[in-house]
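Input: a single structure, listed below in structure tokens.
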Ligand SMILES: [Zn+2]
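In my numbering, the protein residues as written are -14 to 223.
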């Protein structure tokens, strides 16, 4: 099955654009992996510092609030290793090069077997605002380049090698929000903790009516293709 490498990985890095992306798109999978003994880390490219319609909120206040929410949400899934890169929300597409450098260093330091991130090609066939979010595609692109081309090559960012980290080649990328998922993880026994993690992102989801039902339908839709009650879907890239 295409998710075998993800399910058997001992060290998994989850690199996403915004604080609530991890819980929404792979929270059940993360909970399952942690229960199995895997070490899961988060890299948050932005702290979602523009994600509000409240004119009284400042960018710094929102970033601090969303980082606190993220720490709570992550802890609920068993994740305590978080790196906040703090790029401006919405501007990642203009920062792919420095982001790629930072991600290369983190991959070399943390040495994950598998990375979960956004599908950089999503939205090309199905034009939805969520899929077309520039931060999602920029994150996927930067991770794709860092993981497959840079981290394993000593001539990419050689100053990192000189400073003491070694090249590292991951085994696989798993892409969320993909238009063409080819594998799934059954999250039936992790759905409740996934919903609790999403609820922790109160600034984004606190006003959502029937939040549990909203995400249940999303998990049912993902699982229907494989005959599962509740699932998260992934696209494998090797
Ligand atoms: Zn997002």
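Just so you know, even glycine gets a beta-carbon here, dropped at the ideal spot from N, CA and C. As the structure is a prediction and not an experimental result, all values here were calculated from the model.
Exercise for the section: Pull every residue with its beta-carbon under 5 Å away from any heavy atom of ligand 1, and keep them in chain order. Expected result: 2, 3 and 6
Problem - Exposed unless 16 or more other CB atoms sit within 10 angstroms - verdict on residue 145 - result: buried
Problem - The alpha helix (DSSP H) enclosing residue 128, as first and last residue numbers - result: 119 to 130
Practice task
Compare the C-alpha of residue 27 against each of 204, 77, -4 and 194 and name the closest.
Solution key: -4
Handout entry: residue 164 and residue 216 closer than 7 Å at C-beta
Key = no
Problem - Simplified DSSP assignment, three categories, for residue 147 - result: helix
Practice task
Determine the DSSP secondary structure at residue 178, reduced to helix, strand or coil.
Solution key: helix
Practice task
Quick one: measure Cβ to Cβ for residue 88 and residue 128, integer angstroms, because I've assumed they're closer than 8 Å.
Solution key: 6 Å
Handout entry: For residue 0 and residue 100, believed in contact at Cβ under 8 Å, the rounded distance
Key = 6 Å
Exercise for the section: Sort out for me which residues DSSP pairs residue 134 with in a bridge. Expected result: Bridge partners of residue 134: none, in fact.
Problem - Limits of the unbroken beta strand (DSSP E) element including residue 66 - result: 66 to 72
Exercise for the section: State yes or no: is the C-beta of residue 188 within less than 7 Å of the C-beta of residue 70? Expected result: no
Handout entry: Rounded straight-line distance, which links the Cα of residue 42 to that of residue 104
Key = 31 Å
Problem - Spatially closest choice to residue -10 from 158, 6, 119 and 139, by CA coordinates - result: 158
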